[in-house]
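Enquirer:
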Amino acid sequence: MRTYNLGIDIGSTTMKVALLDDAHRLLFRDYRRHNADVLNTARTILRALNERMGECALRVVVTGSVGMGFAERLGLTFTQEVVASVRTIRTLYPEVRTFIDMGGEDSKMIFFEDGKIPDIRMNGSCAGGTGAFIDQTASLIGVTTAELDSLAAQSTTIYPIASRCGVFSKTDIQNLIARNVSKADIAASVFHAVATQVIGSLARGMDIRPKLFYCGGPFAFLPELSKAFLRLLHLDESDYIIPDDAQIIPAIGCALQAAEEDKSLALNRLTEQLDAPDELAADYSQRLPQLFADEDEYAAWLKRKENTFVRRSGLSAEGGPYYLGVDSGSTTTKIVLLDSEGALVYSDYQRNHGDSFRTFADALQRMRKTVGDVHIAASCATGYGESLLKTAFSLDYGIVETMAHFMGAKALNPNLSFVLDIGGQDMKAIWVNNGTIRRIEINEACSSGCGSFIETFANQLGYAVEDFARMACFAAHPCDLGTRCTVFMNSKVKQAMREGAKVEDIAAGFSYSVVKNCLYKVLKLKSVGDLGSSIVVQGGTMRNHSVVRVLERLTGTELTFSDIPELMGAFGAALYALQQTKTTV
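Okay, so the sequence shown: first residue is 4 according to the working numbering, each after it adds one.
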């Protein structure tokens, strides 16, 4: 039986493998996202390896941020990722003087000098200057990362973008979109920001000398990113190396190290170990309470909530009167049309793409096609674009956003004691006493108690946020991910993955973290009793029923929420228009 050297690199988002013979020839490689399901991804890759090479023996070394737990469970040798990368450079590319590696959530720079130990630099807790940052910004402007690269090649101007975490970069990008800056220039500006972040945070006084060696998936698949580094460093294309296998360099280094291993095992034996659930069992002693036992419990819970759903109404034969509410947010526009009894007749929800004026105009056209040329007795705007839309479209009223959300919540539960509205990037908390607002809190820079916190990680793990939230509802053993910001949460997720946590358990852990971050990190509550016993929750994040259920678990109360949580600002604005009209009659 032939014996080969297998290197496995399991990062936060991808698994890479490289199979070498003793002459350092690459015989097999694979690169794919594992979507937090490391074991099944490994099984798939090993099946492909078996089909290519047949039955064989393997000497195996593992690396990567998630690789340590995998290696421990299978009794394989583990090595640090930078050690593996250094081995690849010294063995196969001795002319390299500066090594730049960019992964999904980390970046590294290694400086080589003859006769000296390599100087290794790594990013800390900041996700800026990583592949995840590029993924998030590509998603924000509605393109794939490949399309982002193609766009960058057409750019003529570079604009400043903060290459910190994705949350703060969104503000800069949204401002560029609002100024009608081309997607090509935004794409190039993103690559420039990434290059600036990596060079500024990792070089720190060291000279970046050619030849450069680019490593990692972003460099392998995004040529314009490589050029952004060259422009900043004033180098040309003859000064760097980017091999065909840039995305699997650490895996190659592991395979080179594996050649020195004494032990080997048959490929079929490695596959058998992956299929042994008892050997890979996770420790559930520190897990959190399950949200729903099964589909029946979830269905019964949802049935109870129907009592507070917004009333619906069809179109009247008289064609009105109706009352229009619009919530023009920084990223979305929501409109609601109510009849004279406050029942919902029509609603619409659209992303702005940086142009709230056009988005609202298009929404009005769609509404007219659906409901006809009805009589709108009064209209009211709220949100980020309130002044613009009220002036441009001659709307009757404007209302502060918190008041709009309060009015919507009060319509659902007149006896409310607390309103919690969680959107994608913002959070509003309203304390109520005897029907009157007594305190309002709004989050500032921290997004850890907001919907983008879940969406970011769902996307990184390869899931739509709706699917991610639903699987959380039925997780058997939710992970305790703690109360940390988006950036620092990465390490907790990696730890959970190393410990064999299932995707649904991680998803449920995020729902717990969002609520705990909101209550204790953002609002700084000392006791959930401060919220009272009549709580209304709303905002787009509350479409994730796992988040609603977690809040019920933590407060011990039955919450009120509607079936249109993302529209409650517009609903409140429409109610205000209706109320003002009745007052003046």
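Each residue gets a CB set at the ideal place from its N, CA and C atoms; glycine is no exception.
1) List the residues that DSSP assigns as beta-bridge partners of Cys383.
2) Going by CA-CA distance only, name the one from Glu240, Ser88, Asp399 that's closest to Ile252.
3) Just tell me which of Glu98, Leu42, Ala51, Val86 has its CA closest to the CA of Ala74.
4) With DSSP run on the structure shown, which of helix, strand or coil describes Ile123?
5) What residues in its chain sit with their C-beta under 6 Å from that of Ala296, if we drop five residues either side in the sequence?
6) Using the beta-carbon count (16 or more within 10 Å), is Gly573 buried or exposed?
7) For Ile338 and Met370, I'd like the C-alpha separation in whole angstroms.
8) For Gly542 versus Pro568, is the C-beta spacing smaller than 7 Å?
9) For Val403, which residues from the same chain have a beta carbon less than 8 Å from its beta carbon, with the 5 sequence-adjacent residues on both sides left out?
10) For Lys111, which of Ala510, Thr6, Ile440, Thr101 has the nearest alpha-carbon?
11) Pick helix, strand or coil for Gln353, following the three-state DSSP scheme.
12) Measure the alpha-carbon distance for Ala262 versus Ile103 and round it to whole angstroms.
13) Please report the distance separating the alpha-carbon of Ser382 from that of Arg354.
14) Helix, strand or coil for Gln541 per DSSP?
15) Does DSSP classify Phe2 as helix, strand or coil?
16) Any idea what DSSP makes of Leu270, helix, strand or coil?
17) Under the rule that 16 or more other beta-carbon atoms within 10 Å means buried, what is Met105, buried or exposed?
18) Output the boundary residues of the alpha helix (DSSP H) element that contains Gly10.
19) Check whether the segment 430-449 and the segment 404-418 touch, using three or more Cβ-Cβ pairs below 8 Å as the test.
20) Is Glu404 close to chain E, meaning its C-beta is less than 7 Å from at least one C-beta of that chain?
21) Below 8 Å on the Cβ atoms is my guess for Phe312 versus Ser565; work out the distance and round it to an integer in Å.
22) Might you give, ordered along the chain, the residues of its own chain that have their beta carbon closer than 6 Å to the beta carbon of Val553, omitting 5 neighbours on each side?
23) Assuming contact is defined by CB atoms lying nearer than 7 Å, are Ala346 and Ser316 in contact in what I supplied?
24) What separation, rounded to the nearest whole angstrom, lies between the Cα atoms of Asp342 and Val348?
25) Going straight from the alpha carbon of Phe114 to that of Ala269, what length do you get?
26) Going by other Cβ atoms of all chains shown within 10 Å of its Cβ, with 16 needed for buried, is Pro292 buried or exposed?
27) Opposite Met112 in the DSSP bridges: which residues?
28) Could you have a look at Asp175 and say whether DSSP puts it in helix, strand or coil?
29) What residues are listed by DSSP as bridge partners for Phe360?
30) What residue from Leu484, Gly208, Thr160, His195 has the CA that sits closest to Arg124's CA?
31) Confirm the yes/no value for this check: CB of Leu534, any heavy atom of the ligand GDP, distance under 6 Å.
32) Using the Cα positions of Thr91 and Ile255, report the straight-line distance between them to the nearest angstrom.
33) Could you give the residue range of the alpha helix (DSSP H) that holds Thr148?
34) Secondary structure at Ala284, three-state DSSP: helix, strand or coil?
35) Could you work out which residue in Ile244, Asp351, Gly388 is closest to Ala372 when comparing CA atoms only?
36) Is the segment 177-188 touching the segment 198-217 in the sense that three or more CB pairs, one from each, lie closer than 8 Å?
Expert: A quick look at the data gives this:
1) Gly328, Tyr400
2) Ser88
3) Leu42
4) strand
5) none
6) Note on residue identity: the sequence assigns Ala, not Gly, to residue 573. Looking at its Cβ environment, which holds 16 or more other Cβ atoms inside 10 Å, Ala573 is buried.
7) 9 Å
8) yes
9) Thr385
10) Thr101
11) strand
12) 25 Å
13) 21 Å
14) strand
15) Beyond the ends of the chain as shown, which are 4 and 588, falls residue 2; an answer cannot be given.
16) helix
17) buried
18) No alpha helix (DSSP H) contains Gly10, which is instead part of the beta strand (DSSP E) from 6-13.
19) yes
20) Absent here is chain E; the protein component of the structure consists of one chain.
21) 6 Å
22) Ser514, Tyr515, Val518
23) yes
24) 7 Å
25) 38 Å
26) exposed
27) Ile103, Arg124
28) helix
29) Answer by DSSP bridge pairing: none, since Phe360 is not bridged.
30) Gly208
31) Although the ligand GDP was asked about, the structure shown includes no ligands whatsoever.
32) 7 Å
33) 148-155
34) Caution applies to Ala284, whose pLDDT of 47 falls short of 50 and renders its modelled position unreliable; the model cannot decide the point.
35) Residue identity check: residue 372 is Lys in the sequence provided, not Ala. Cα-wise, what sits closest to Lys372 is Asp351.
36) no
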